[in-house]
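A.B. asks:
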Amino acid sequence: MEKQILIGGAAGQGIAKTALLIGKIFTNSGYYVFNYRDYPSLIKGGHNFNILKVSDKPVNSHENFYDMIISLNQDTIDKHREKLNKRGFVLGDKNLKARNLIELDISKVLEETGTPKKFGIDVLIGAFFKILGLPIENVLKVVEEVFKKKTDIIEKLIRRGYTSVEQKIELPEPNEKNKYFMTGNEAISSGAIASSLDIYFAYPITPATPVLHILASKQIENDFMVVQPENEIAIINAALGASYAGAISMVGTSGLGFSLMAEAISLQGISEVPLVLYLGQRTSPANGVPTYTSQGDLKFAVNAGHGEFPRVVVAPGDSKECFYRTIETFYLAYKYRVISIILGDKHVGESNYSFDEFEEPKIKPSNFITTPSEEYKSYSITENGVSPRAVPGENAKVRASSYEHNELGYTTEKEDLIVKMNDKRLRKMDFIKEEINKLKPVSVYGEGKNLIVGWGSTKGAIIDSLKKLENFRFLQISYICPFPTEIVKREIENSNEIILIENNVTGLLGDIIAEQTGKIIEKKILKYNARPLTSEEIVMKVEKVLK
Amino acid sequence: MEKQILIGGAAGQGIAKTALLIGKIFTNSGYYVFNYRDYPSLIKGGHNFNILKVSDKPVNSHENFYDMIISLNQDTIDKHREKLNKRGFVLGDKNLKARNLIELDISKVLEETGTPKKFGIDVLIGAFFKILGLPIENVLKVVEEVFKKKTDIIEKLIRRGYTSVEQKIELPEPNEKNKYFMTGNEAISSGAIASSLDIYFAYPITPATPVLHILASKQIENDFMVVQPENEIAIINAALGASYAGAISMVGTSGLGFSLMAEAISLQGISEVPLVLYLGQRTSPANGVPTYTSQGDLKFAVNAGHGEFPRVVVAPGDSKECFYRTIETFYLAYKYRVISIILGDKHVGESNYSFDEFEEPKIKPSNFITTPSEEYKSYSITENGVSPRAVPGENAKVRASSYEHNELGYTTEKEDLIVKMNDKRLRKMDFIKEEINKLKPVSVYGEGKNLIVGWGSTKGAIIDSLKKLENFRFLQISYICPFPTEIVKREIENSNEIILIENNVTGLLGDIIAEQTGKIIEKKILKYNARPLTSEEIVMKVEKVLK
Amino acid sequence: MKIEDLNTGEKITWCPGCTNFGILSGVKQAITNLVNNNKVDLNKIVGVSGVGCYDKIYDYLNLNFFHTLHGRTLPTLFGIKIGNPELTVIGFGGDGATYAEGIAHLVHSCRYNINATFMVFNNQIFSLTTGQATPASEKGLVSPSTPLGIGEKPVNPLALSLINGASFVARSFALDIPHLTKVIEEAITHKGFSFIDILQPCISYHNTTQFLREHVYKLEKVNHNSSNYEDAMKKSLEWDYCYSENSKIPIGIFYKVKKPTYRRQWPQIRTWHRFKRKPDFRKIVEEYKG
Amino acid sequence: MKIEDLNTGEKITWCPGCTNFGILSGVKQAITNLVNNNKVDLNKIVGVSGVGCYDKIYDYLNLNFFHTLHGRTLPTLFGIKIGNPELTVIGFGGDGATYAEGIAHLVHSCRYNINATFMVFNNQIFSLTTGQATPASEKGLVSPSTPLGIGEKPVNPLALSLINGASFVARSFALDIPHLTKVIEEAITHKGFSFIDILQPCISYHNTTQFLREHVYKLEKVNHNSSNYEDAMKKSLEWDYCYSENSKIPIGIFYKVKKPTYRRQWPQIRTWHRFKRKPDFRKIVEEYKG
Ligand SMILES: Cc1ncc(C[n+]2csc(CCOP(=O)(O)OP(=O)(O)O)c2C)c(N)n1
Ligand SMILES: Cc1ncc(C[n+]2csc(CCOP(=O)(O)OP(=O)(O)O)c2C)c(N)n1
Ligand code: SF4
Ligand code: SF4
Ligand SMILES: [Mg+2]
Ligand SMILES: [Mg+2]
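Chains as they are written, first to last, in our numbering: chain A, 235 to 781; chain B, 235 to 781; chain C, 937 to 1226; chain D, 937 to 1226.
1) Could you work out which residues of chain D lie near LEU276(B), taking near to mean beta carbons separated by less than 9 Å?
2) Taking PRO1196(C) as the query, report the chain D residues whose CB atoms sit under 8 Å from its CB, ordered along the chain.
3) Could you tell me whether the region 947-959 of chain D touches the region 461-468 of chain B, where touching means 3 or more Cβ pairs closer than 8 Å?
4) Have a look at the DSSP bridge pairing and note the partners of GLU236(A).
5) Tell me the rounded alpha-carbon separation between LEU509(A) and ALA468(A).
6) With a threshold of 8 Å, establish whether the CB of PRO544(A) neighbours any heavy atom of ligand 1.
7) Tell me, which residues are paired with MET484(B) by DSSP?
8) Shortest alpha-carbon distance to ALA436(A) belongs to which of ILE772(A), LEU494(A), ALA428(A), LEU391(A)?
9) By the three-class DSSP mapping on this structure, what secondary structure does THR1024(C) have?
10) Kindly indicate which residue of LEU685(A), ILE714(A), TRP689(A) has the alpha-carbon position closest to the one of GLU704(A).
11) Chain C partners of TYR1048(D), CB-CB under 9 Å?
12) Of the choices ASN738(A), THR417(A), PHE602(A), whose alpha-carbon is the least far from that of GLY480(A)?
13) Answer with yes or no whether the minimum CB distance from GLY1038(D) to chain C is below 9 Å.
14) Using a threshold of 8 Å, is the CB atom of GLN1060(D) nearer than that to any non-hydrogen atom of ligand 4?
15) Using a cut-off of 7 Å between C-beta atoms, extract the partners of LEU474(A) located in chain D.
16) Less than 9 Å between CB atoms is the rule here; does ASN409(B) satisfy it with respect to chain D?
17) In chain C, which residues lie less than 9 Å from ALA1123(D) when you measure between Cβ atoms?
18) Tell me, please, whether the region 1044-1058 of chain D touches the region 1001-1014 of chain C by the rule of three or more beta-carbon pairs shorter than 8 Å.
19) GLN1136(D) versus chain B: which residues are under 9 Å apart at the beta carbon?
20) If we ignore side chains and look at the alpha-carbon of each, how far apart do ARG394(A) and GLU337(A) end up?
21) State the DSSP-derived secondary structure class of ALA1102(C), mapped to helix, strand or coil.
22) So which residues on chain E does HIS447(B) lean against when the C-beta distance must stay under 8 Å?
23) I need the boundaries of the beta strand (DSSP E) containing GLY322(A), first residue and last residue.
24) Using the three-state DSSP reduction, which class does PHE602(A) fall into: helix, strand or coil?
25) Taking a contact to mean a Cβ-Cβ separation below 9 Å, would you say ASN671(A) touches PRO599(A) in this structure?
26) Do HIS1209(C) and ASN1020(C) come within 9 Å of each other at the CB atom, strictly closer than that value?
27) Would you kindly check if the distance between the Cβ of ALA1110(C) and the Cβ of TYR1177(C) is under 9 Å?
28) With a cut-off of 9 Å, does the C-beta of TYR1224(D) fall near any C-beta of chain A?
29) With respect to the beta strand (DSSP E) encompassing ASN972(D), which residues constitute its N-terminal and C-terminal limits?
30) Below 8 Å, is the gap between the Cβ of ALA1069(D) and the nearest heavy atom of ligand 6?
31) Whole angstroms are fine: how far does the CA of ASN730(A) sit from the CA of GLU720(A)?
32) Return the first residue and the last residue of the alpha helix (DSSP H) that ARG1047(D) is part of.
33) Can you tell me which of PHE268(A), LYS258(A), ASP290(A), SER263(A) puts its alpha carbon nearest to the alpha carbon of GLU584(A)?
34) Quick one, which residues of the region 458-470 of chain A are near chain D if we go by CB-CB under 9 Å, in chain order?
35) How big is the Cα-Cα spacing for ALA624(A) and SER607(A)?
As structure tokens, then:
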């Protein structure tokens, strides 16, 4: 069983919050839920909607057709009625006009209970769960948890909604375990805290803002610091300063801010001051379509900053992966004194994914700081290219430089030193490559002679599409830098048809695969209308592409 | 005949100027000269030197061994004596210690003529040309031209130098024509003026500063404007503003400034406001080795700015090519409303190249501005993706936007429009590709079954090395974006041994070739000690690589 | 012209009741007045905006318009003005855009004294990104990114522009449309860099409407001498952009003087695209001939 | 310690006779004095410099040091200070770096009142790039990038920092080493953001040595009250960084007040790398459990 539910209304009507609540109620009851959020760039008005996919089996994506529409206004119905399944229905106030409308007399309920208009949504929630036959206790338990105290009115309204309609749908029993329900941004924040983050630096920007808000709200409880300096240039330079001084530092931004950080990314490269950077992609170029999704920054993330230097770029495909990959980025950044970029996007960052369990991360947090001897050399040339990290304030002099330098960090223009230092820095990449080979840099899902290749937030829709595609494997490439060349090459060579799927205009991962393996993937499914792919769409397009 | 001359001394002693003068005297007499400049990042002191290659046949590079050293201090001799040919000699003051020193008593001459110390160099110039047997009139003619008036003392000192030594070397008669003698930066400046540049925006930075200085000095005479706003971010945004308003605009910078411009490059992509950008590479990352050369920014130039949008990247390989390629960039940028990047470096920018003639450029300057009707649409969707350029101030409303937009330029979040606008923008690339096919995007030099592949400033040394390499062609790729895929593929497929030569750490062009053609070049000669390649070095390394 | 000629027909997506509507009215009215009095040519007006709630004015004004990046209104405006000095350029900024991301450009635009107008929709908050503190937020403000409260005082944009040589410095209030209209008209007709900080309560994230209504007063009521620098500076420091009971908030023109504009240094400046230059390539490269 | 302990043995590549040597001496002397008087711990001092001639001080001081990007000394310094508040952070900037590329950071660093010292080697020129005008150059200056002369007046960095809330504002002179030493000592011991603009003639590109020698005078000689904001502002405006015969150029401490520093807002701030945090991953993700 799988149900698609759309809930829509105007910005400010609490659509996102309600969808979240519904999702939590389901996951608390043991169902799997995927929750997609769609909202324009405005604060009040307009049209917001969420799409929930609910199932007793794992789900990883949403669809663009619905079994049920919960509607807070006529606009929602008008915009989405075509996508309502034949036997689907709309839940809403009796004033709305829709085929198969399950009417509620919301104004009457509000009047009778003397509650303000904005609470109308609670009546809908109550009715919704009755229709699906979920016990009211399950609903009320979560509501109480979420709203903490003062849930009396809400409870009353939910009950009113619950009793005002009939059960229509029989849901199968879910497995017993309640699930985690989490966005990519929440997982990245959690991964950072689990990595013993000391300071997070950011400037507000969609879709990375949630990490700023989440971390800011948790800073006292977890004894770290969240700072919002004057602009992104200040942010990354301050973060490098803090990291140099000994703090585990991280910055977060989207494409616009990331662009502004390019110079300091290059500084990271030569100064080898460790840093973790979260880049949440949205529809580009420039301001693009600010609250929508895209995978358009991949090659920029890999190449940002002038000059050549090692870096890590990892693109998690769902929230659980976000958590572990974030922990890996901290580990790699601080151990190898490189920049680690977590490449996310609006879709993975702001969608809620559900899953059964978190396993204890194998990587334990460390800042990799050593106690220096008096002979400490900030840039000692070592076998693996890593000069042990030390911080100022102890007995040694610790230097960081934007210029080419000798082992002590003093400026040099000498030919042989320049070569040695470049070799030293680049050497780190070989060792990082070995590390990531242990970190499952790619994942293969399903079985079959044909191969879908993708990365990042398309993961969920592709995995869900495999159920309906015959003879297809899915190769998800998580590490883009360093690139797991051999495995990717092998997978491609062992496949008949190969299809590249990306949420961008030109197929950027395809370019990187060609660059690294010499394999050019001709068949591509590229979506770039600022919306994420759905599994249905993939199934359809795969058929088309193979024709 | 080919002579290598090194002239060295401390910063502030006029080494660069003297080398230039010597080069001019030779080119004025009909010889070909290549002049390489080497200086550290300081203002006075340290060690500066220039290397001149002089010949009666075209020369395109310098070497690291010398027939003659003109030395202003002992340091120069100590640093370079090992590279002096067996039968070579040193020219300098009698106080210097060197094997084969042709001594001059400079202090005595200065004393006798009552001239200050800094004029000592003129005595050396006189002596130098006597040794080579160049008529003194040739020398004095150029000196007069260069210094305009007040050359009396200089002339006297040159004559004294001239008469104080004997001719040692017989130069062959050169061809009669006097040559152009020009740096890449001079050629880019000239190309910009020839393209009817209106405003140049820049902030000082090595090695792009000379373009700022040259253009600033020519602005009144040529009726254009040179502005140096507060920083690179202001510069590129102001340049886009000026271009929007109707001015033919250009910016110039090096890697650090270019990094800071990444966000506005993305803005260029979506706003389609035309712009020409000169990126003069130097040794990176960050401040790197600021006055030295590198080709380390190639992939960054191709990928800078978040999101996907068309762009032109062209990398000229010598000064004559700089001139024509600059004209092409203006043409392509303004015709297609894209950003055109001239990708140079310290080596091509600051070395003087000599050549016989300039042919009249085929491309005539145009701003491609149309007179709009009242129904003008700033982003009309057209077959070739180009919306006719109009400027504000006429009857139509002209809009430029950093957001995704409809044809009129108003903000949109609509799925189909987003797709259409992306398609429109990307479509331009196909047409630009056709254009560049007419502009000789690659050049093949020499004949043979084996192939050297390179780009940019390595051109000169590679061409010179062909004389000594058997069975080798050289494929110079000038247009990197759009990439001339078919030709490059064909050349590679039609070769036995293929060697990639680059002045960087990782072989960036190799990556792009693999990405675009699927051909991975295994054999690489990469130099990254911040110094340019020489033809001797190439010959040596090619042999090694083929072993 | 009629004021409606400035409408675009695009749907306005500000929050219902947002004070930005007031500014939109003021801007439209000022432009209409100036055009009808032949002070400016409608076709030659160019708007410039960055990114924030305020930036949406790009979609609501039927003008030539460059919608640029967050914080970059000023360099773009500068470029447009030297790109064609005939144009009347009006820039729009938010407090986040102007006093955080782009403050470097404010300092220098004042110095250059570009002949253009720049107004900041100062709601003391990053609105479009859902309400974080900006450098213009009052001391102590708690926001989702600053839950511990801000420790420092806000930027004083008027004092800042005065110290950097702005030749026209004003403050107005989004809810006093006639006042705003008048100030904008004066700003546009002023020859030099005209800076207006507009108090613009954000009813969703920083609703100071009531407070401001009670505490603003007009400079014209107190005989302020706007040609005197010291007086202007003093008045600009009268309110520190924080909220205390006895705050007095002057609005009006604080400073206005004649000063040479950026153009003075450049004899060659002109409407470039109408200039028929005929570059002679032989002449250009001549000097490099040995 | 001995002053020589601060030497690095790296070859100094400033022009012979450059006034930067004077600053280097002053800095070394001040640090030596402070260390010997137990005011600061040598091991805990961190230098920060950007890019320009001045930046080479990185190579000449045997300290912990972060050599950062052109114009970015201040954000780096900020990060270091919150990265480990025990450190004594001393930033070095050029006038180009600070008043052109990085002026945004100066404005905000003053506001934050970070407890650190920042000194600008103000030679009113981009020296290392061979002598172009900066926003600190005097009006009218002709340089290779501005052959028509600069039209606007230079930034007044003292007034700018005062207006933005700096708690310690001073000016000194590279050729008066004892004065400079004293000012630097006071700056370093001041709790808050200490800003020093150092007049530093560039003998190769902007040689104002003679003029400055003749026109500077010491604030201490005129009974200046450095705890009074108005007086400080007035004194800071006394010289406009241009060169006229009757210029009077005060040097010394213009302003110094006690003010809470950036740290006050953050109870959790600490020397992070010594803090043994034990993140409990189960607890962290708990709230997302349905
Ligand atoms: C470089 C960059 N950083 C961040 C953002 C995200 N951003 C968009 S709007 C905005 C807030 C704008 O605030 P303000 O200028 O005060 O305007 P308001 O929304 O309050 O009108 C921010 C931070 C961006 N677009 N670009
Ligand atoms: C982003 C960036 N732009 C430009 C440069 C080039 N640059 C190096 S030093 C310098 C001038 C520095 O001037 P200033 O700060 O006044 O220091 P000074 O050389 O006068 O001591 C410039 C512009 C750079 N390194 N980085
Ligand atoms: S969020 Fe504030 S500024 Fe933005 S539209 Fe709404 S009320 Fe206006
Ligand atoms: S150029 Fe000027 S500032 Fe730089 S070292 Fe020489 S004299 Fe000093
Ligand atoms: Mg705001
Ligand atoms: Mg300077």
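C-beta atoms are modelled at their ideal positions from N, C-alpha and C, and glycine is treated no differently.
C.D. replies: By the coordinates alone:
1) Contact annotation for LEU276(B) against chain D: THR949, TRP950, CYS951, CYS989, LYS992, LEU1064 [CB-CB distance below 9 Å, chain order].
2) Per Cβ cutoff of 8 Å: GLY1087.
3) With the cut-off at 8 Å, the region 947-959 of chain D and the region 461-468 of chain B do not touch.
4) Under the DSSP definition of a beta bridge, GLU236(A) partners with SER289(A).
5) Straight-line Cα distance between these residues: approximately 14 Å.
6) No, Cβ of PRO544(A) sits at least 8 Å from all heavy atoms of ligand 1.
7) Beta-bridge pairing links MET484(B) to TYR434(B), VAL510(B).
8) ALA436(A) has its Cα closest to that of LEU494(A), out of ILE772(A), LEU494(A), ALA428(A), LEU391(A).
9) Note: THR1024(C) maps to strand in three-state DSSP.
10) The residue from LEU685(A), ILE714(A), TRP689(A) with its alpha-carbon nearest to that of GLU704(A) is LEU685(A).
11) Within 9 Å of the CB of TYR1048(D), the CB atoms of chain C belong to GLY1087, GLU1088, in sequence order along the chain.
12) Restricting attention to ASN738(A), THR417(A), PHE602(A), the CA atom closest to the CA of GLY480(A) is found in PHE602(A).
13) Yes, contact with chain C.
14) A distance criterion of 8 Å places the beta-carbon of GLN1060(D) beyond contact range of ligand 4, judged by its closest non-hydrogen atom.
15) Those within 7 Å of LEU474(A) in chain D are THR1012, GLY1015.
16) Closer than 9 Å: no.
17) Within 9 Å Cβ-Cβ: nothing; ALA1123(D) doesn't reach chain C, min ~20 Å.
18) They do not touch, by the three-pair rule.
19) Under the 9 Å cutoff, chain B gives no residues; its nearest Cβ is about 14 Å from GLN1136(D).
20) Per the coordinates, the alpha-carbon of ARG394(A) lies some 13 Å from the alpha-carbon of GLU337(A).
21) Coil at ALA1102(C), not helix or strand.
22) Included in the structure are the protein chains A, B, C and D, with no chain E among them.
23) Start and end: 318-327.
24) Looking at PHE602(A) - three-state DSSP - the assignment turns out to be coil, as it is neither helix nor strand.
25) Annotated as distal: ASN671(A) and PRO599(A), with beta-carbon spacing of 9 Å or more.
26) Cβ distance < 9 Å, so ASN1020(C) and HIS1209(C) count as in contact.
27) TYR1177(C) is not a Cβ neighbour of ALA1110(C), given a cutoff of 9 Å.
28) Chain A has a Cβ within less than 9 Å of the Cβ of TYR1224(D).
29) Counting along the chain, ASN972(D) falls outside any beta strand (DSSP E), though it belongs to the alpha helix (DSSP H) covering 956-972.
30) Incorrect: ALA1069(D) has no Cβ contact closer than 8 Å to ligand 6.
31) Straight-line measurement puts the Cα of ASN730(A) at about 18 Å from the Cα of GLU720(A).
32) Start and end: 1039-1048.
33) Nearest option by C-alpha distance: PHE268(A).
34) From the region 458-470 of chain A, only PHE458, MET459, VAL461, PRO463, GLU464, ASN465, ILE467, ALA468, ILE469, ILE470 have a Cβ closer than 9 Å to chain D.
35) Cα atoms of ALA624(A) and SER607(A): separation of roughly 10 Å, rounded to the nearest angstrom.
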